[in-house]
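Q:
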Amino acid sequence: MENGRDPGAAIGESRGTLWTIGHSTRSFEEFHALLAEHRIQFLADVRHFPTSQRVPWTAKASLAKALPDSGIAYEHFEALGGYRKVRPDSVNLGWRNRGFRGYADYMASPEFLTGLDRLIASAAERRTAIMCAEAVPWKCHRSLLSDALLVHGVRVIHILSPGKTDDHRLTAFARVHGTRITYPVTRKGD
Numbered sequence: 296m297e298n299g300r301d302p303g304a305a306i307g308e309s310r311g312t313l314w315t316i317g318h319s320t321r322s323f324e325e326f327h328a329l330l331a332e333h334r335i336q337f338l339a340d341v342r343h344f345p346t347s348q349r350v351p352w353t354a355k356a357s358l359a360k361a362l363p364d365s366g367i368a369y370e371h372f373e374a375l376g377g378y379r380k381v382r383p384d385s386v387n388l389g390w391r392n393r394g395f396r397g398y399a400d401y402m403a404s405p406e407f408l409t410g411l412d413r414l415i416a417s418a419a420e421r422r423t424a425i426m427c428a429e430a431v432p433w434k435c436h437r438s439l440l441s442d443a444l445l446v447h448g449v450r451v452i453h454i455l456s457p458g459k460t461d462d463h464r465l466t467a468f469a470r471v472h473g474t475r476i477t478y479p480v481t482r483k484g485d
């Protein structure tokens with residue numbers, strides 16, 4: 296066991312499926328319909344700040360009440376939230392976006408790994424979706440979190456709109472070391 300996890304659980308070994316969704320500016324009804332379309336039973340909120348002035352129904356307290364009333368469990372996974380600082384010794388220089396680089400650095404922390412383990416355990420028990428604010432996953436830390444899930448053997452499906460999904464593919468410049476991921480600067484031909 297490596298950090299309490301089975302190092303054999305990696306890409307190619309199925310540990311279930313997990314969905315991702317961004318609430319964006321959708322109405323609660325539109326958002327709920329997308330969750331229902333995919334029969335989601337548990338919503339893991341991976342926003343660092345679980346609130347929105349532009350979309351008030353997405354506040355943690357509102358979701359914690361509204362979703363269980365419609366048969367969907369809700370939990371805020373603060374340990375998986377974005378907005379992390381870049382480490383001075385960052386090896387993730389392939390990310391030009393400092394927010395993504397900071398999150399990539401954070402993905403090596405015990406706090407992140409514990410949160411990831413909890414999320415994977417939830418996905419093994421019930422149909423689980425992770426939620427953040429950004430509509431498209433490639434503009435959100437959900438893409439990095441999806442990379443981590445993928446290398447732990449979890450299939451990740453991004454919910455984009457009614458009837459439209461996209462299977463997650465590992466970020467092109469990611470380097471996988473067992474169940475760890477780094478995003479170094481790559482040279483042409485690498």
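So in our numbering, spot 67 of the sequence shown is number 362, and the numbers just go up one at a time.
Virtual Cβ for every residue (Gly too), placed ideally from N, Cα, C.
Source: prediction; values computed, not measured.
Relative to the C-alpha of GLN348, which residue among LYS380, ALA428 and PRO363 is closest?
A: As a working mapping, residue 348 is identified with position 53 in the sequence shown. Closest by alpha carbon: ALA428.
Q: What residues in its chain sit with their C-beta under 6 Å from that of GLY307, if we drop five residues either side in the sequence?
A: Locating residue 307 in the sequence shown gives position 12, where the first residue counts as 1. Confidence at GLY307 is low in this model, with a pLDDT of 48, below 50, so the placement of that residue should be treated as unreliable; the coordinate-derived value is given next. If we look at GLY307 and ignore the five residues flanking it on each side, it has no Cβ neighbours.
Q: Using the three-state DSSP reduction, which class does THR353 fall into: helix, strand or coil?
A: Mapped onto the sequence shown, residue 353 falls at position 58. DSSP places THR353 in helix when its eight states are reduced to three.
Q: What does DSSP give as the partner residues of ARG475 in its beta bridges?
A: By 1-based counting over the sequence shown, the position of residue 475 is 180. ARG475 pairs with HIS472.
Q: Do you know whose CA, among ILE316, LYS380, VAL471 and HIS343, lies nearest GLY410's CA?
A: Position 115 of the sequence shown, counted from the start, is the residue given in the question as residue 410. For the residues ILE316, LYS380, VAL471 and HIS343, the minimum Cα distance to GLY410 belongs to HIS343.
Q: On the three-state DSSP scale, how would you describe ASP462?
A: Translated into the one-based positions of the sequence shown, residue 462 becomes position 167. Residue state, collapsed to three classes: strand.
Q: Near HIS327, what residues of its chain come up, given a Cβ to Cβ distance below 7 Å and the 5 sequence neighbours on each side ignored?
A: Start at 1 with the first residue of the sequence shown, and residue 327 comes out as number 32. SER365.
Q: Taking only three categories from DSSP, how would you classify SER456?
A: Taking the sequence shown and counting its residues from 1, one reaches residue 456 at position 161. DSSP places SER456 in strand when its eight states are reduced to three.
Q: What does ILE425 pair with, by DSSP beta-bridge criteria?
A: As a first step, residue 425 must be located in the sequence shown, where it is residue number 130. In DSSP, ILE425 forms a bridge with THR315 and ALA339.
Q: From MET402, THR312 and ALA339, pick the residue whose C-alpha is nearest to that of ARG382; which is it?
A: Mapped onto the sequence shown, residue 382 falls at position 87. Of MET402, THR312 and ALA339, the residue nearest in Cα terms is MET402.
Q: Quick test of the definition: if touching needs 3 or more C-beta pairs under 8 Å, does the region 309-328 touch the region 446-459?
A: Contact holds: three or more Cβ-Cβ distances are below 8 Å.
Q: From ALA374 to LEU445, what distance separates their C-alpha atoms?
A: The sequence position of residue 374 within the sequence shown is 79, counting from 1. The sequence position of residue 445 within the sequence shown is 150, counting from 1. If you take the alpha carbons of ALA374 and LEU445, they lie about 18 Å apart.
Q: Among the candidates TYR398, ALA356, ARG321 and GLU332, whose CA atom is the shortest distance from the CA of ALA424?
A: Residue numbering aside, residue 424 sits at position 129 when the sequence shown is read from its first letter. Taking only the C-alpha atoms, the option nearest ALA424 is GLU332.
Q: In this structure, how does DSSP classify VAL431 when only helix, strand and coil are distinguished?
A: Numbered from 1 along the sequence shown, position 136 holds the residue referred to as residue 431. Reduced to three states, the DSSP call for VAL431 is coil.
Q: Would you tell me roughly how many angstroms separate the C-alpha atoms of TYR398 and THR460, rounded to the nearest one?
A: Position 103 of the sequence shown, counted from the first residue, corresponds to residue 398. Position 165 of the sequence shown, counted from the first residue, corresponds to residue 460. Roughly 24 Å separates the two Cα atoms.
Q: Ordered along the chain, which non-local residues of its own chain (more than five positions away) have a Cβ less than 8 Å from that of GLU406?
A: Taking the sequence shown and counting its residues from 1, the one referred to as residue 406 is at position 111. ALA374, listed in sequence order.
Q: Would DSSP call TYR369 helix, strand or coil?
A: Taking the sequence shown and counting its residues from 1, the one referred to as residue 369 is at position 74. It is a strand residue.
Q: Once you ignore the five residues that flank ALA359 on each side, which residues in its own chain have a CB closer than 7 Å to its CB?
A: Reading the sequence shown from its first residue, position 64 is the one you call residue 359. Counting only Cβ-Cβ distances below 7 Å, and skipping sequence neighbours, we find TYR369.
Q: Go to VAL446, then tell me how far its alpha helix (DSSP H) extends in each direction, as first and last residue.
A: Along the sequence shown, one-based indexing puts residue 446 at 151. Element bounds for VAL446: 437-446.
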